[in-house]
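Using my numbering, the first residue of the sequence shown is number 11, and each one after it goes up by one.
Beta carbons: idealized from backbone N, C-alpha and C, even for Gly.
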Amino acid sequence: LIDEPEKEGGSGGDQRRKVVRVEKEGGSLGNFGAQFAFAVHASFLASGFDLTATKRPAFANDALSSSPTQEVGIDGWNEFDEEYAFVYANPEKGSKKVLVKCLAIDDKLLVDALADGETEPPHLEIEVGKYADEPREGNYAAQYKDFGKF
């Protein structure tokens with residue numbers, strides 16, 4: 011679902027600006043689940059996807075079909091403690107939507123991503139303690155460790 015961001019030229023600069031904007035708008039990363047859900051979200055933006063829904067609209071049963079195609083902000087993305095949901099569209103790939111849901115349980119973040127038209131979502135379990143220091147306000151990049159393996 012996610013390609014490597016472009017290194018030079020193209021829309022790579024736009025994607026990096028999106029990630030910087032998300033870092034500034036992301037709000038508090040008060041727990042490991044939020045910290046890694048935020049990293050998952052940033053990786054989608056860096057790969058050329060636009061955020062089209064988060065919060066309650068992204069948790070709806072019809073999130074893939076009912077979410078708008080225009081980009082929305084991230085404000086309030088972490089209103090549900092330990093549960094996070096995002097809907098993305100990639101305008102460079104026909105705007106096919108992808109629903110990403112994250113659930114923090116103990117020391118893991120469970121991530122499922124379902125592309126529109128697919129029936130089986132890929133599943134990922136992240137052992138957050140391997141890749142994170144205590145969440146805190148400020149420089150989000152400094153809160154991760156061994157990020158290359160993550």
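Under the three-state reduction of DSSP, which class applies to Lys8: helix, strand or coil?
What is shown of the chain runs 11 to 160, which leaves residue 8 out entirely.
Have a look at Gly104 and Val50 and give me their C-alpha separation to the nearest angstrom.
Your numbering for residue 104 matches position 94 in the sequence shown. Your numbering for residue 50 matches position 40 in the sequence shown. Looking at the two C-alpha atoms, the distance is approximately 22 angstroms.
DSSP state of Phe69 mapped onto helix, strand, coil
Here residue 69 refers to the residue found at position 59 when the sequence shown is read from its first residue. It is helical.
Three-state secondary structure assigned by DSSP to Phe96
One-based indexing of the sequence shown puts residue 96 at position 86. Strand, per DSSP.
Hey, Phe42 and Ala123: beta-carbon distance below 8 angstroms or not?
Stepping through the sequence shown from its first residue, residue 42 is reached at position 32. Stepping through the sequence shown from its first residue, residue 123 is reached at position 113. Contact flag unset, no.
Residues that DSSP places opposite Asp122 in a beta bridge
Reading the sequence shown from its first residue, position 112 is the one you call residue 122. Asp122 pairs with Lys111, His133.
Can you tell which of Ala70, Thr79, His133, Leu119 has the C-alpha that lies nearest to the C-alpha of Phe59?
The residue labelled residue 59 in the question sits at position 49 within the sequence shown. The residue with the shortest Cα to Cα distance from Phe59 is Thr79.
State buried or exposed for Leu119, treating a residue as buried only when at least 16 other CB atoms are found within 10 Å of its CB.
Within the sequence shown, residue 119 is the residue found at index 109, counting from 1. Buried.
Please report how far the alpha carbon of Glu89 lies from the alpha carbon of Thr64, in whole angstroms.
On the sequence shown, position 79 is the one that residue 89 refers to. On the sequence shown, position 54 is the one that residue 64 refers to. Taking the straight line from one Cα to the other gives about 10 angstroms.
If Leu109 and Val97 are in contact, beta carbons under 8 angstroms, what's the gap, nearest whole angstrom?
Counting from one through the sequence shown, the residue named residue 109 turns up at place 99. Counting from one through the sequence shown, the residue named residue 97 turns up at place 87. Going by Cβ atoms, the distance from Leu109 to Val97 rounds to 5 angstroms, so yes, they are a contact pair.
Within its chain, find whatever has a CB closer than 6 angstroms to the CB of Glu93; leave out the 5 residues flanking it on each side and keep chain order.
The residue labelled residue 93 in the question sits at position 83 within the sequence shown. So the list reads Leu113, once near-sequence residues are dropped.
Exposed unless 16 or more other CB atoms sit within 10 angstroms - verdict on Asn100
Translated into the one-based positions of the sequence shown, residue 100 becomes position 90. Counting Cβ neighbours within 10 Å, Asn100 comes out buried, since at least 16 surround it.
Euclidean distance between Cα positions of Gly139 and Asp116
Stepping through the sequence shown from its first residue, residue 139 is reached at position 129. Stepping through the sequence shown from its first residue, residue 116 is reached at position 106. Going from the Cα of Gly139 to the Cα of Asp116 covers about 10 angstroms.
Specify, as a first and last residue, the run of the beta strand (DSSP E) that Leu142 falls within.
Taking the first residue of the sequence shown as position 1, residue 142 is located at position 132. The sequence as given places Ala at residue 142; Leu does not occur at that position. Ala142 -> no beta strand (DSSP E), and no H or E assigned at all.
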